[in-house]
Structure formats: structure tokens, C-alpha cells
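Numbering (this note's numbering), first residue to last: 1285 to 1783. Notes to accompany the following structure.
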């Protein structure tokens, strides 16, 4: 593989490490909430006795509402004008609301029917995800506009992905924490207290990007400026029409659709590992021993965290050397090898081998969110060249809706697949041989197939470094000045220039 020539990042386009880390703390909160919802859902099955298929539906149904609320929040953020900017007010308020609602959601009442628990959790989840969207959508959009540089975007995403991985370090240990008999009377009480801890953390840390980061406002291209009479506030009907027009333009943009498709597939495959793998480890490797199985689920998650953290900066270097698309191919191929290894390494004869596959399939998640965020930022530039508008909020909201849809699909598929294999929680470690075989097969085959299709999609992705640089030059020429020299920033509440 030849090394293409690439541009150097000028000082004006660089983002300080302090700002990258603060933006990355938003990723930690974002991932922690998503991982907690997926990991803690096992309480509904093992703690409350709900049917796994219903548990899966509880993860999937709110995504249908997100299909509307996420792009709507993106549109609102893109068109907000305030003294604090377009993104920061929503990040601040959303973090507080999401933390409070998350705590309340997991205070599960006792001795109720399965139907009660289903509707209680469904309604609570919808409210939670609305608050979550208010925080997450503007936070994502903020990251796309921190720099216009092709490579600096990847470095920002590498840091935020690294910071976000700490959520995946913690999440595999949630099950062990919730069923700690020394601290709690049962798993339900453990979930309630875990939610309190996560909620407080969300509020305290989630507001930091809103306080410390400045927003870059891209000036409207001079050729696109309109008369003052057309810049007045729009009517409700005009705003609705404008929203659907922008939504249609976004979802029709083919390079963006390829990124969304690949993200859905790779992340869905990973979440199948997270949601389905726990059952394989507990009931196949450890014969139904939930405590010992949960411990190894935690250790496997820790190994995955270490491997993913290391892979992130390897991916960033590969992207600089070979381009974002080639770096994606390499990392996903390594993850496919890791998924395939599970068939051999997940064995009751030698349980320690469970820790080997995560070393390799962790490259999938490490590469995905390091490269995809950076590539979406490139897409935003190309969209501006074609339409004259900046739609980071709309692009980011749809992209992350796809991520959440992948999470929901994994949860739903995990529940239905678990039923399809013949799994019965009442049998404990006495599951049939056929059930264990089909559980293992699904755990390996689904993420491998998803990853292969994702590689095929990105093979057709057109934006290279050369094309991205050409787009930037045309945008700067249209604006009449270099973005690298642009000082049109909103002042942050706290000056980080000296950090």
C-alpha cells in the first residue's frame, strides 16, 4: 500500500489538547448513557423476569421517536441564535435533564406485572431519550466545527473516541456491581443506586463542553447572501417546510448515506457482542454461573477497553499515512478476525481464552468512531459547497440516530435471537446443546457479516484527502477569506488559550 502525499496542519487550524479532552468528556457521557441503557437492561430479564423479546422491544421502540426528534434537534441547533451560541445552551440544559431522568427511570417499583413494567419503562425511556437528544445532538455538531482541517478532525475524533472508551471499560462491570450481595438486597436495588451514580456524573461532567468550548461560526458565503427582508424570523409553517427540505437534502447525500450504513452495520455487530456475548460467556463457558460469568464479562470488557484505546491512535496514524478509507478497511479486517476467534476461544475447557478475541475485534469500534466523525465533517463541507448552508446539527443528528438505531437493533435482535435459540432463563446452566450451539453461532456470524458489508459500502465512498482539500479551497474562495485565518469565534465563558 503506497503512502499518498498529504497536507500539513497549520497552527491556526490546530485545537489544543485541553479543548480536545473537554470535548472528549462529552463522548464519555454520551457513551456512558448509551452503554448503561444497554447493559442495565438485563435487569429487566434476570431481575424482573420479563420476556427477552419484550426487553429487546423496549430498547428498539424509542428509536422510532428518535427518527424525528434527533433531526429536529439538529435543525433547531443549526438555526439557533443566542449570546451563548448555537450549541452550548442545549448541551448545558440537556446534560442536566438527561442525568435527572436517568436516575428516575431506574427506580423500578416492586411486585408489578410484566405489562406494567413494559409500559413504565417504555414511557420513561422515551422521556429519557428526549433529554439525551437535547444534550447529544448539539455536542456532536460542535465537534464537526472545531476545525476545518482534514487531519486535525481525525485527531479530535481520536481523542474524543479515546475518552469515550472509558464508558465501555465501566459498562461490563455494571452487572457485577448490581448483583453485589454485600451492598444490595437484589439486582433491582443495585440498578437503582447505579443509576444515581451515573446520573450525578452525567450532570457534573456533561456540562463542561458547554462551559469551556468556543464555537466556530462559518460565515455565509458572499454569493449566497440574501436581502435583509428574507433574514427575518420565519413563520412556523415556513420553518417546518425548511426543516423537511434540509432533512431531505441530508438523507439524499450519497457519501453520507454510505457512512451511515457502514456505521449501523459495524456498531450493530459490536453491540451484538456486548448484549449477546454476556449470555454466551455465562451459560456456555461457565455453565450458568452468573457471578463467575459476570466477572469474566467484566474482564473481557477491560481487555477490550485497553485494546480499543491503543487502536484509536494507531487508526489516527494509519489515516494520516494512507487516508481515512484505507484505515477503515484495515481496522475492520482486524476486527473480523477477532470475531472469528470467538468460536475457538470461547470454551469451557479454558475460560481464560475469553480474553483473547477482544484484543482484535476492539479495532472495529476504535476505527469506527475515530474515522466516521472525521468523515462526516468532510461531508458537511461538501454539502456547504453544493447548498451554501452549514448543517452540522442535521448531519450529526441523523448519523447518531443511526448509531442509536444500531444499538436498539442489537438489543431487539439479541432478545429475539435468544428466544429463537431456545434459551430459557429458568433452566439456568441446563440449557440444551442445540441452544448453546446456536447462541455461539449467532454471536460470531452476525458481526462478521455486518463488517464485511460495511467494507463494501466504504469502498464506494468518494471523499479522499485530495477532494476534501479541493472542497475547502473552493469554500474559502467563495467566502472571500481563508478559514485558517478566520477569527470569527464565539468567546468561551472560560479562556483556555493559556492551558
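All residues carry an ideal CB built from backbone N, CA and C; glycine is no exception.
Cβ pair residue 1661, residue 1307 closer than 7 Å
Contact: no.
So residue 1724 and residue 1623 are in contact, right, with Cβ under 8 Å, and what is the actual spacing, rounded?
Not confirmed; about 12 Å, so no contact.
Are the stretch 1603-1622 and the stretch 1394-1407 in contact at 8 Å, needing three or more beta carbon pairs?
Judged by pairs of C-beta atoms under 8 Å, the stretch 1603-1622 does not touch the stretch 1394-1407, as fewer than three such pairs exist.
Could you give the C-beta distance for residue 1685 and residue 1424, rounded to a whole number, given that I count them as a contact under 8 Å?
Contact flag wrong, Cβ pair sits at about 10 Å.
Which residues in the same chain as residue 1572 place their Cβ atom closer than 6 Å to its Cβ, once the five residues preceding and following it in sequence are excluded?
1712, 1713, listed in sequence order.
6 Å Cβ shell around residue 1426 - same chain, five flanking residues per side excluded
Around residue 1426, the same chain offers 1371 as residues with beta carbons nearer than 6 Å, after the five sequence neighbours per side are excluded.
Three-state secondary structure (DSSP) of residue 1439:
For residue 1439, the three-state secondary structure derived from DSSP is helix.
List the whole-angstrom C-beta distance separating residue 1659 from residue 1626, where the pair is believed to meet the contact cut-off of C-beta under 8 Å.
Between the beta-carbon of residue 1659 and that of residue 1626 there is about 29 Å, and that puts the pair past the 8 Å contact cut.
Who does residue 1372 pair with in a DSSP beta bridge?
Looking at the DSSP output, residue 1372 sits in no beta bridge, so it has no partner there.
Quick check: what's the CA-CA separation for residue 1529 versus residue 1667?
About 14 Å.
What does DSSP give as the partner residues of residue 1674 in its beta bridges?
According to DSSP, residue 1674 bridges with nothing at all.
Does the count of Cβ pairs from the stretch 1593-1608 and the stretch 1574-1581 closer than 8 Å reach three?
By the C-beta criterion, the stretch 1593-1608 is judged not to be in contact with the stretch 1574-1581, since fewer than 3 inter-stretch pairs fall below 8 Å.
Given a cut-off of 7 Å on the beta-carbon distance, is the pair residue 1309 and residue 1489 in contact?
Contact: yes.
Check whether the stretch 1344-1355 touches the stretch 1458-1468, taking contact to mean three or more Cβ pairs, one atom from each stretch, closer than 8 Å.
Not touching, per the Cβ criterion.
Does residue 1394 come out as helix, strand or coil in the three-state DSSP assignment?
Residue 1394 falls in the coil class under three-state DSSP.
With a threshold of 16 other CB atoms inside 10 Å of the CB of residue 1333, please say whether the residue is buried or exposed.
By the Cβ neighbour-count rule, residue 1333 is exposed, with fewer than 16 other Cβ atoms within 10 Å of its own.
Which listed residue (1586, 1467, 1495, 1419) has its alpha carbon closest to that of residue 1360:
For the residues 1586, 1467, 1495, 1419, the minimum Cα distance to residue 1360 belongs to 1419.
Go to residue 1636, then tell me how far its alpha helix (DSSP H) extends in each direction, as first and last residue.
For residue 1636, there is no enclosing alpha helix (DSSP H), as DSSP gives it neither H nor E.
Assuming contact is defined by CB atoms lying nearer than 7 Å, are residue 1479 and residue 1387 in contact in what I supplied?
Yes, Cβ-Cβ distance for residue 1479 and residue 1387 is below 7 Å.
If you run the structure through DSSP and keep just helix, strand and coil, what is residue 1511?
Unreliable placement is indicated for residue 1511, whose pLDDT of 47 sits below 50; the coordinate value is still reported in the next sentence. In this structure, residue 1511 counts as coil in the three-state DSSP scheme.
Between residue 1738 and residue 1546, which are expected to be in contact by the criterion C-beta below 8 Å, what is the C-beta distance as a whole number of angstroms?
Yes, residue 1738 and residue 1546 are in contact; Cβ-Cβ is about 4 Å, under 8 Å.
Give me the residue from 1302, 1496, 1297 with the minimum Cα distance to residue 1375.
Nearest C-alpha to residue 1375: 1496.
Around the Cβ of residue 1755, are there at least 16 other Cβ atoms within 10 angstroms (buried) or fewer (exposed)?
Buried.
Any contact of the stretch 1462-1477 with the stretch 1400-1413, i.e. 3+ C-beta pairs under 8 Å?
The stretch 1462-1477 makes no contact with the stretch 1400-1413, as fewer than three CB pairs between them are under 8 Å.
Other residues of its chain near residue 1678: CB distance less than 8 Å, five sequence neighbours each side excluded
Shown here for residue 1678: same chain residues with a beta carbon closer than 8 Å to its own, the five before and five after excluded, namely 1355, 1358, 1359, 1362, 1530, 1531, 1534 in chain order.
Which residues mark the beginning and the end of the alpha helix (DSSP H) in which residue 1520 is found?
That run of the alpha helix (DSSP H) goes 1520-1535.
Specify, as a first and last residue, the run of the alpha helix (DSSP H) that residue 1609 falls within.
Looking at the DSSP string, the run of the alpha helix (DSSP H) that includes residue 1609 is 1608-1629.
Compute the beta-carbon to beta-carbon distance between residue 1451 and residue 1312, rounded to the nearest angstrom, for a pair I have assumed lies under 8 Å.
A Cβ-Cβ separation of about 6 Å places residue 1451 in contact with residue 1312 under the 8 Å criterion.
Residue 1681 and residue 1421 look like a contact to me (Cβ under 8 Å); what is the Cβ gap, rounded to whole Å?
Contact flag correct, Cβ pair sits at about 5 Å.
Skipping 5 residues on each side, what residues in its chain have a beta carbon closer than 7 Å to that of residue 1640?
Only 1625, 1629 meet the Cβ criterion.
Specify, as a first and last residue, the run of the alpha helix (DSSP H) that residue 1315 falls within.
Run containing residue 1315: 1301-1324, per the alpha helix (DSSP H) assignment.
Can you tell me whether residue 1444 is buried or exposed? The criterion is at least 16 other CB atoms within 10 Å of its CB, across all chains shown.
Buried, since its Cβ has 16 or more Cβ neighbours within 10 Å.
Coil, strand or helix - residue 1444 by DSSP
Correct three-state label for residue 1444: helix.
Residue burial classification, residue 1433 (beta-carbon count within 10 angstroms, cutoff 16):
The C-beta of residue 1433 has 16 or more other C-beta atoms within 10 Å across all chains shown, which makes the residue buried.
Report yes if the C-beta distance between residue 1650 and residue 1548 is below 7 Å; otherwise report no.
No, the Cβ-Cβ distance between residue 1650 and residue 1548 is not below 7 Å.
When you compare each of 1576, 1393, 1379, 1385 to residue 1408 by their alpha carbons, which one comes out closest?
Comparing alpha carbon positions, the residue from 1576, 1393, 1379, 1385 closest to residue 1408 is 1385.
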